[in-house]
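Here the structure comes first, spelled out in structure tokens, and everything after it is commentary.
Numbering (this note's numbering), first residue to last: 153 to 316.
Below, the structure written as structure tokens:
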């Protein structure tokens with residue numbers, strides 16, 4: 153069962169190390185990634201397209217007029233629901249993260265290392281809700297889940313500390 157992950161970017165050209173990013177993505181199984189470019193003015197969109205070309209489980213959506221993170225997530229969710237049969241769909245907005253020490257590579261590594269834990273936790277949450285949720289109601293925040301699960305990962309710990 154594949155899980156979809158939507159990652160929102162806006163002017164993150166300097167944060168993206170294409171080679172490391174691609175290597176981390178190759179280590180993910182059962183993940184379908186949607187990289188959403190939210191009207192970047194730098195070279196972010198081009199870098200995302202290069203990542204897509206090197207990775208079979210990556211799609212890119214280009215939002216041409218800047219939107220809120222919520223609207224950009226919805227654009228990614230609509231795309232993912234039209235293209236793939238996914239039950240689980242998580243998201244993260246890069247600009248809301250503390251990427252100072254570990255960069256975006258830390259995010260992808262945390263997702264790759266914890267994909268099964270994220271899926272299990274999401275199944276547990278959905279069972280507790282005991283109702284059928286719409287696509288948008290069932291979206292979950294990758295970072296919130298990783299924090300709640302107390303994942304032992306330096307990138308996740310940095311997110312917890314920066315929000316304290």
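Here a beta-carbon is modelled for each residue, glycine too, at the ideal position from N, C-alpha and C.
No experiment lies behind these values; they were computed from the predicted model shown.
Straight-line gap, residue i to residue j (C-alpha atoms, nearest Å)
i           : j           : result
residue 162 : residue 223 : 13 Å
residue 208 : residue 186 : 11 Å
residue 240 : residue 165 : 28 Å
residue 154 : residue 182 : 4 Å
residue 237 : residue 286 : 14 Å
residue 273 : residue 214 : 30 Å
residue 294 : residue 158 : 9 Å
residue 179 : residue 232 : 21 Å
residue 192 : residue 169 : 17 Å
residue 279 : residue 290 : 11 Å
Cβ-heavy atom distance, residue i to the ligand COA, below 7 Å
i           : result
residue 176 : In the structure on display, the ligand COA does not appear, and there are no ligands present to speak of.
Cut-off 8 Å between Cβ atoms - residues of its own chain near residue i, not counting five sequence neighbours on either side
i           : result
residue 160 : 188, 190, 221, 224, 225, 228, 243, 244, 245, 246 and 247
residue 173 : 203, 256, 257 and 260
Which of helix, strand or coil DSSP assigns to residue i
i           : result
residue 318 : Beyond the ends of the chain as shown, which are 153 and 316, falls residue 318; an answer cannot be given.
residue 196 : helix
residue 171 : helix
residue 211 : strand
residue 190 : strand
residue 157 : strand
residue 181 : coil
residue 312 : Legend: pLDDT at residue 312 = 47, less than 50; position of this residue unreliable, no value from coordinates given.
residue 257 : helix
Nonlocal neighbours in the same chain, by C-beta distance under 6 Å from residue i, ignoring five residues either side
i           : result
residue 270 : 297
residue 177 : 207
residue 184 : 154, 156, 209 and 236
Identity of the residues DSSP links to residue i by a beta bridge
i           : result
residue 243 : 158 and 293
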